[in-house]
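Residue numbers (this note's numbering), protein chains in the order written: chain A, 94 to 310; chain B, 374 to 665.
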């Protein structure tokens, strides 16, 4: 089996937002919609204050609350763990949005452009009317992953079939790969480092791991 | 992007109206069906209103859909979605209720009431399944939503009985018992949600802010009015007036609870980290959960 997951190394992320921009550029998301975002999280009290940059987005949970509540079956889960939305089935009820504990889903009911009512050239090219009035979210660049089946490449290793946010990361803080393969890049990272998953207590079993230290030998 | 929890924006006053109308309508159908065994005229008097409430609630849901023309797809996931189950219950509720009124049949009305209870329970479970909203996902939301719906239905029938003639003392007794149940459900819910670590600070703030009104106007006032009307020697006109006020105050309490929970206290989960990273130089530190 295959279980694709994302790994973010919090020690390395510098909060440059390159992944955010790369995602917007690749997926043509309108203003206010961030399938990939990086939080700037301040913690502690003066003078012991830290800043942590935390990449967030759809966690492609193993037990996705959004899928269970979806009344139309528009939200589904593939055998490789990716959670998908069928824009032709979604009625835009927003139930999945309130069911997601990661604030990863968006709905907009009219086209939005960066500069007023007229799209710039790239926005016009990427505009997808199917996304209006329905739920949208990070797909883990599903079309790139699916391309791997045709050309024998490995998602997470070969850039052509790896999510664009991972490719764009200037610090190599983001990693993508198959958790079910014990020799994959993400399995090795998780074996060698301490990690956590966000809101793990909610039981959704998110497919997004955060590294915070090396494991003690 | 914000780090602290913020209020969800996708379910607004229209969603609150749907929960309010659905609960009131299905609660009213239950007590209308019971009253109709003594006098079938109640089916016309308030049965129609009970159907209208649910229909209006569904209309509010429909107008907030992003793709209104696909609304029928809502029935596609009865296996896991309480929204689908709610939609299916609403259909049989409206059909059975409509037939009950047309045929003046109390048994059909009772069947409609049972489907209505299914609808009401589904509403409660819809909120409970919303894992992203701490104020909704607590188990205590289920008895609260059911109790408010039933209380509103009994309250509305009591108000109607003032206008159309008595439905009987039993209704007042039931309403007072339901007010007690609703108060217990609200107290339990509030205690749970405002406990540290259960919901964002904003949520607790908002819910605590309406507590005094829920108590005074939604529960204590109806009890005082009931005592005034039925224990003191007052004229029938005063009894009728206090009965109407009692009905309105009981309705207000339930509607306030639901509007607040859905449209005011629905802060999302926000973000958290279990540990801060060990950057060079430095060591890992404790986690953070802003807004909690």
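The beta carbon of each residue, even a glycine, is placed where N, CA and C say it ideally should be.
Problem set entry | Beta-carbon neighbours of residue 381 (chain B), restricted to chain A and to distances below 8 Å | 190, 191
Exercise. What residues from chain A crowd round residue 586 (chain B), counting only those whose CB sits closer than 9 Å?
Worked result: In chain order: nothing, as chain A lies at least about 25 Å away.
Exercise. Are residue 262 (chain A) and residue 116 (chain A) close, meaning C-beta to C-beta below 8 Å?
Worked result: no
For this session: Mind checking which residues open and close the beta strand (DSSP E) that includes residue 170 (chain A)?
Result: 168-170
Problem set entry | Proximity test, Cβ basis, 8 Å: residue 508 (chain B) and chain A | no
Problem set entry | Cα-Cα separation, residue 468 (chain B) to residue 429 (chain B) | 15 Å
Exercise. Going by Cα to Cα distance, which pick from A:296, A:308, A:309 is closest to residue 154 (chain A)?
Worked result: A:296
Exercise. With a cut-off of 8 Å, do at least 3 Cβ pairs link the region 618-629 of chain B to the region 102-110 of chain A?
Worked result: no
Exercise. Where does residue 612 (chain B) sit, in a helix, a strand or coil, going by DSSP?
Worked result: helix
Problem set entry | Backbone CA spacing between residue 483 (chain B) and residue 188 (chain A) [nearest angstrom] | 31 Å
For this session: Leaving out five residues on either side along the sequence, give the residues of the same chain with a beta carbon under 8 Å from the beta carbon of residue 95 (chain A).
Result: 172, 173, 174, 271, 273, 274
Exercise. When you compare each of B:488, B:457, B:415, B:460 to residue 477 (chain B) by their alpha carbons, which one comes out closest?
Worked result: B:415
For this session: Look up residue 162 (chain A) in the DSSP assignment and give the residues it is bridged to.
Result: DSSP, once it has assigned bridges, lists no residue as partnering residue 162 (chain A).
Exercise. What are the boundary residues of the beta strand (DSSP E) that residue 99 (chain A) is part of?
Worked result: 97-102
Problem set entry | Residue burial classification, residue 410 (chain B) (beta-carbon count within 10 angstroms, cutoff 16) | exposed
For this session: Keeping to the same chain, check which residues put their C-beta closer than 7 Å to that of residue 378 (chain B); ignore five residues upstream and five downstream.
Result: 573, 575, 640, 641, 642, 643, 664
Exercise. Closer than 8 Å, CB to CB, is residue 649 (chain B) near chain A or not?
Worked result: yes
Exercise. CB-CB under 7 Å to residue 595 (chain B), same chain, minus the five flanking residues each way: which ones, in chain order?
Worked result: 552, 619, 622, 623
For this session: May I have the straight-line CA-CA distance separating residue 486 (chain B) from residue 444 (chain B), to the nearest angstrom?
Result: 24 Å
Exercise. Ordered along the chain, which non-local residues of its own chain (more than five positions away) have a Cβ less than 7 Å from that of residue 148 (chain A)?
Worked result: 101, 106, 112, 129, 131, 267
Problem set entry | Whole-angstrom C-beta distance between residue 114 (chain A) and residue 383 (chain B), which should lie under 8 Å | In fact, because the Cβ distance is near 25 Å, the residues do not count as touching under 8 Å.
Exercise. In chain order, what residues of the same chain lie with their CB nearer than 6 Å to the CB of residue 658 (chain B), ignoring the 5 residues before and after it?
Worked result: 649
Problem set entry | Proximal chain B residues relative to residue 130 (chain A), where beta-carbon distance stays under 8 Å | 374
Exercise. Among all the DSSP beta bridges, which residues are the ones paired with residue 625 (chain B)?
Worked result: Residue 625 (chain B) is not bridged to any residue.
For this session: Using beta-carbon positions only, say whether residue 583 (chain B) and residue 633 (chain B) come within less than 8 Å of one another.
Result: yes
Exercise. Is the beta carbon of residue 288 (chain A) less than 8 Å from the beta carbon of residue 305 (chain A)?
Worked result: yes
Exercise. Are the C-beta of residue 186 (chain A) and some C-beta of chain C separated by less than 8 Å?
Worked result: Of the protein chains in this structure, namely A and B, none is chain C.
Exercise. Closest to residue 528 (chain B) by CA distance: which of B:402, B:660, B:392, B:386 is it?
Worked result: B:402
Exercise. Closest by CA to residue 460 (chain B), which one among B:513, B:441, B:431, B:439?
Worked result: B:431
Problem set entry | 7 Å Cβ shell around residue 447 (chain B) - same chain, five flanking residues per side excluded | 456, 457, 460
For this session: Kindly say whether residue 164 (chain A), judged by its beta-carbon, lies nearer than 8 Å to any beta-carbon of chain B.
Result: yes
Problem set entry | Contact the region 232-246 of chain A vs the region 417-426 of chain B: 3+ CB pairs below 8 Å | no
For this session: My understanding is that residue 151 (chain A) touches residue 231 (chain A), with C-beta atoms under 8 Å, so please give their C-beta distance in whole angstroms.
Result: 4 Å
For this session: Compute the Euclidean distance between the alpha carbons of residue 375 (chain B) and residue 134 (chain A), then round it to the nearest angstrom.
Result: 9 Å
Exercise. Is there a Cβ from chain A that is less than 8 Å from the Cβ of residue 389 (chain B)?
Worked result: no
Exercise. Nearest to residue 556 (chain B) by CA position, among B:570, B:586, B:532, is which residue?
Worked result: B:586
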